[in-house]
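Peer 1:
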Amino acid sequence: MKKIIILSVLIFLTQNILSQSKKDIDEQLSRSSLDKVFGIVDRAAGIHNASNIGLFFENRGKLYPRRLTQGPSGEFPINSTKHYIYRVNPWVGIPGNVVQGLHTTNEEWEAVGGYHNPDLAQVAFSDNPQTWHPVNGWPVKDENGNNIFLSDQDSYCVYSDSNNSREVLGLQVAQTGYAFGVAFAKNILFYKFEITNHGQRDLDSLYFGIYSDIDVGNVSGGVPEYGDDKIDFIKEKNLVYFFDDGVSSEWPGGKTGFFGVALLKTPLVNGQMLGLTDMHYNLYDDDLDIDSVQYGIMSSSPSLYNSSLGPRFFHIGNNTNLHYDDPATIPASGLDLVATLSSGPYRLNRGDTLVFIMAFVAGETKDEMLAAAATAQQTVDANFNLPKPPERPNLFGAAEDRAAILYWDDISEKIPDASSGEFDFEGYRIYRSKDKGINWDKIAQFDVINGIGEDKGIQYSYKDTTVLNGFEYWYSITAFDRGSDIIQSLESPIGNTLASPNTISITPRSNAIGREGVSSYDVQQLNGNSNYDLIASPVDNEELAGGNYEVFFSYVPKVEEGNAKTQITITISDSNQTKPLRYGFRFNSPNNFDLINLTTGEIIRAGYNYPSGGREITITGHGLRVRFTDAPGATSDERPEHGDLFTVAYSVNVVKNQTQSVVENRPFLLNQIQATTDGVVFSLNKPNIIKSVSRIGGTDNLTIDFTVVAETLIQQSLYFVNVIGNGTSDGNPFIIINVINNSSPPDTIVAADTVFNLGTFEFLGIQGRVQFSSSSVPSAGNRFSVEVIKPVEPNVKDKYSFKIKGSTIKPELIRENINRIRVVPNPYVASSLYEPEFGELRREPLRQIQFVNLPPECTIYIFTVDADLIKTIYHNSNNGTEVWDLRSEGGREIAPGVYIYVVKAGDVEYKERFAVIK
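So the sequence shown is residues 1497 to 2414, counted in our numbering.
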């Protein structure tokens, strides 16, 4: 019997294997090797996600994940769940010995340590210093030891042929990835391979190859959409690209695009770049792990061509050139194709290095993909020295009831342009995605008021109130520059993942009943004479509680336009005269400049002389002296030139708990929305000039509305507006009023003014508009008081403080509002809009309903109508929302029907019902 059972199992396994394609079996073998992979200390992996192509890769010559749970596999557009790459591997071969990491039973590339943090097993990435080696740091440096970063996201790893199954050649590959998020280069992902011979002998007839299996429209484990793939080849572009019939039953939206592999740079031979010397395709099922065959494909070997295996790997059609297959030989219905791109032959002597650069290029259309290929070649030709946008800001946020609060730092403004050296920052844009980063909509923009763009002004916080509770929203902030006559404005990339510093996820939620959130208190003016109001609103984060903040002001200088090396020194000669302004020093020539009030646009003084070496000027009436000092030995390019702009801006500083700087020397405007890096939104606002209006005499039907019409005429005082008589003119009734102040004795501001119904009168910048009934004209004795404040702007003497207190729970409010608790949706019919989809990895959404408007702490009991308890949920949160996955305590989905829920918070209880319909 035991033998029969074993035989049955073997028959089942054999039938199971025979029913699968070779691709399915290889994928299972690749997955089964994961346990071995992570047992080696130097092995690591990483994910490029800064461009529009997402890719997981290993430091073992594998440019793809072994399974999609590890990360994207040539996902384009990123976050779309459209993964184009099945297998892509770099090959290096000499006759009889080809080093590759493709075949899972013979992975010949092995990781080399010392280039990443071994504790994380992650490839070193420029945008994540935690992945760098703890001693060596970032592995790519210049001759002075400074880190070199060429893109928005560089990666670096090294591997060798120490697992070579034929003969260890001593080859070592330093692989660098480059991903750009800027719009013109986002559909590209670059890899550079620096191949060095550390072996005992020189290597001749060496070829470099890129094994490329691109599966268009396919989903692992789904319908085999890879069977209709086609390729095309453009020799002059060194480009091979894959496509199919344009549709896929497996991909969201059903549409497919174009995905290419380009070999952009190869070594020189006799002064000429060889480029792509050979290109052949074959069926995936015809792959062979035989070195002589692999080398024969790479080198277009006549012996392989003339062998019995030749028809598998050579499809030259009507070509006379054995080195390139003719894509026209592929049937119109397509095939499951693999393309091998190679370049050679080369000689690699001991100690020498060969450099190859390739790129993945993609597009929704062929033209878009070809445009990406052209940009990729231009980028490599420019040695990756592309114009760069401002640094990405760091974005933070907090959820509120039907709102999302965003705030960000000002790092984008403090780093000069890497190409020009100018501080050319222009503004911020905020984007929102409702589908986890697949599609983005711009919802706000803030830019410098300088005559460029929308001139909305800069701010550092934004409240999005066009959201619904319970739904997840992604937000990303970008920074853009002002551009130039030569280069258009450049914008930093939208973050493609939540690991990006400028991208966050927020799910608005109901407020917890009975809870008053984190708030500011004890706002004080410690110094100065300004009567502007400091408004501080912290996000609802308990970690802020107990914080003591001080706000004070200074000036910050900057060479804003131009690349002058001039030092700007500010001296405050009279703090009482300083003003909250931004000053500009615009150079008309190297020897002449104008002083401008950039806040108002007014020219304070034109035609200052600027001698060689610099000078000092006094801004009369503003309490400032500004000295310009050119760098010693400065060239003419390093001194001020025509068009250069130096600025001195009023700036704000915020210090927390006397030691932590949460805003440092940030240019500041009155009434501007600012935010600290830990989440306190604040502004310094002009006081209401008309502070109060009171009726202090008379009972007649009379109203007077007061408005400011000329702020420059305002005088701070308490005024009394008196009705001193009435009358008619041509049948129209009027009243006579006078205005006095509260001095002793009072000054008469308006002796007597006749005002008709709906008419107006004015005094010292204030206008009053009267309204009364024509049938009942107000009589003398009606009297109003008007308190008027003259705004006093802050200067460098002003200093404020405030404190943050934590949330409080008020049981009486819980009792009053307990009946606001709800279940949404109710009834639950088949599904709810809250339920997230999981793409190809999980087609079935996670079921959920939400309990909203809960107290901060409570227990939810869920019963059947027969009073059987099926679920107990303990809620302890700063918000009033709790999610339930419609599963009982045992993890089973509940049946359709009506259910009773009871919410208990201390001695308060609430009971209601909800229905589930499937």
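Positions of the beta carbon are idealized from the N, C-alpha and C atoms, including for glycine.
Distance check for Asn1640 and Asp2381, CA to CA, integer angstroms please.
Peer 2: Each residue's Cα considered, the two are about 57 Å apart.
Peer 1: Are the CB atoms of Pro2351 and Phe2410 nearer to each other than 8 Å?
Peer 2: No.
Peer 1: Can you give me the Cβ contacts of Val2246 inside the same chain, cut-off strictly under 6 Å, excluding the 5 residues immediately before and after it?
Peer 2: Around Val2246: Asn2234, Val2235, Phe2259.
Peer 1: For Trp1605 and His1811, I'd like the C-alpha separation in whole angstroms.
Peer 2: Rounded to the nearest angstrom, the two C-alpha atoms are 30 Å apart.
Peer 1: For Leu2166, which of Asn2153, Ser2147, Glu2160 has the nearest alpha-carbon?
Peer 2: Among Asn2153, Ser2147, Glu2160, the Cα nearest to that of Leu2166 is on Ser2147.
Peer 1: Report the partner residues of Ala1975 according to the DSSP bridge assignment.
Peer 2: Tyr1924, per the DSSP bridge assignment.
Peer 1: Hey, out of Glu2046, Asn2025, Asn2023, whose CA is closest to Ser2016's CA?
Peer 2: The shortest Cα separation from Ser2016 among Glu2046, Asn2025, Asn2023 belongs to Glu2046.
Peer 1: Would you give the residue range spanned by the alpha helix (DSSP H) that Gly1806 belongs to?
Peer 2: 1806 to 1809 is the extent of the alpha helix (DSSP H) around Gly1806.
Peer 1: Can you tell me where the beta strand (DSSP E) holding Asn2322 begins and where it ends?
Peer 2: That residue, Asn2322, is in no beta strand (DSSP E); it is neither H nor E in DSSP.
Peer 1: Alpha carbon to alpha carbon, how far is Ala1681 from Ser1988?
Peer 2: Each residue's alpha carbon lies about 12 Å from the other.
Peer 1: Opposite Leu2040 in the DSSP bridges: which residues?
Peer 2: Per DSSP, none; premise fails for Leu2040.
Peer 1: Who are the near neighbours of Glu1571 in its chain, counting only those whose CB is closer than 8 Å to its CB and skipping five residues on each side?
Peer 2: Around Glu1571: Ile1549, Gly1550, Leu1551, Thr1577, Lys1578, His1579, Tyr1580.
Peer 1: Roughly how many angstroms lie between the CA atoms of Ile2390 and Val2361, to the nearest whole one?
Peer 2: Using only the alpha carbons, I get a separation of about 13 Å.
Peer 1: Is the segment 1904 to 1911 touching the segment 2018 to 2037 in the sense that three or more CB pairs, one from each, lie closer than 8 Å?
Peer 2: At 8 Å Cβ cutoff, the stretches do not touch.
Peer 1: What is the DSSP secondary structure of Gln2168, reduced to helix, strand or coil?
Peer 2: Note: Gln2168 maps to coil in three-state DSSP.
Peer 1: Note down the Cα distance separating Asn2059 from Ser2108, rounded to an integer number of angstroms.
Peer 2: Taking the straight line from one Cα to the other gives about 16 Å.
Peer 1: In terms of residues, what are the limits of the beta strand (DSSP E) holding Asn2237?
Peer 2: Where Asn2237 is concerned, the enclosing beta strand (DSSP E) stretches over 2228 to 2237.
Peer 1: Run the proximity test for Gly1953: is its beta-carbon closer than 7 Å to any non-hydrogen atom belonging to the ligand ADP?
Peer 2: Of ligands this structure carries none, so the ligand ADP is not represented either.
Peer 1: Would you check if the segment 1949 to 1963 and the segment 1867 to 1886 touch, i.e. whether three or more CB-CB distances between them fall below 8 Å?
Peer 2: Taking 8 Å as the limit for Cβ pairs, the verdict is that the segment 1949 to 1963 does not touch the segment 1867 to 1886.
Peer 1: Applying the criterion that 16 or more other CB atoms from any shown protein chain within 10 Å of the CB defines a buried residue, is Gly1610 buried or exposed?
Peer 2: The residue in question, Gly1610, is exposed, as its Cβ has fewer than 16 Cβ neighbours within 10 Å.
Peer 1: Roughly how many angstroms separate the alpha carbons of Thr2125 and Ile2066, rounded to a whole number?
Peer 2: Spanning the two alpha carbons is a distance of roughly 11 Å.
Peer 1: Please work out which residues of its chain come closer than 7 Å, Cβ to Cβ, to Val2251, disregarding the five sequence neighbours upstream and downstream, and give them in chain order.
Peer 2: So the list reads Phe2230, Ile2231, Ile2233, Phe2257, Val2266, once near-sequence residues are dropped.
Peer 1: May I have a chain-ordered list of the beta strand (DSSP E) segments no shorter than 3 residues that lie completely inside the segment 1688 to 1739?
Peer 2: 1699 to 1710, 1726 to 1730, 1735 to 1739, all fully within the segment 1688 to 1739.
Peer 1: Sort Ile1948, Ile1973, Glu2385 by Cα distance to Asp2429 and report the nearest one.
Peer 2: Given that the chain is displayed from residue 1497 to residue 2414, the structure contains no residue 2429 and the question cannot be resolved.
Peer 1: Measuring CB to CB, does Val2348 end up less than 8 Å from Thr2368?
Peer 2: Not closer than 8 Å, so no.
Peer 1: What did DSSP end up calling Asn1881 once you bin it into helix, strand or coil?
Peer 2: Residue state, collapsed to three classes: coil.
Peer 1: How should Pro1568 be labelled, buried or exposed, when 16 other C-beta atoms within 10 angstroms of its C-beta is the threshold for buried?
Peer 2: By the 10 Å Cβ count, Pro1568 comes out buried.
Peer 1: Tell me the residue span of the beta strand (DSSP E) that contains Val2284.
Peer 2: First-last of the beta strand (DSSP E) with Val2284: 2279 to 2284.
Peer 1: Whole angstroms is fine: what's the gap from Leu1760's alpha carbon to Met1769's?
Peer 2: Distance between the alpha carbons of Leu1760 and Met1769 is about 10 Å.
Peer 1: Output the distance between the C-alpha atoms of Asp1822 and Asp1728, rounded to the nearest integer angstrom.
Peer 2: Answer to the nearest angstrom: the Cα atoms are 8 Å apart.
Peer 1: Excluding the five sequence neighbours on either side, which residues of its own chain have a C-beta within less than 7 Å of the C-beta of Asn2093, listed in chain order?
Peer 2: Result list for Asn2093: Leu2077, Tyr2079, Ile2100, in chain order.
Peer 1: Taking a contact to mean a Cβ-Cβ separation below 8 Å, would you say Arg2005 touches Asn2375 in this structure?
Peer 2: The answer is yes: Cβ separation under 8 Å.
Peer 1: Based on DSSP bridge pairs, tell me the residues matched to His1612.
Peer 2: His1612 is not bridged to any residue.
Peer 1: Exposed or buried, which one is Lys1938 when buried takes at least 16 other CB atoms within 10 Å?
Peer 2: It counts as exposed.
Peer 1: Going by C-alpha to C-alpha distance, which of Asp1960, Gln1696, Glu2308 sits closest to Arg1898?
Peer 2: Comparing Cα positions, the closest option is Asp1960.
Peer 1: For the beta strand (DSSP E) containing Gln1649, name the first residue and the last one.
Peer 2: Segment 1649 to 1656, the beta strand (DSSP E) holding Gln1649.
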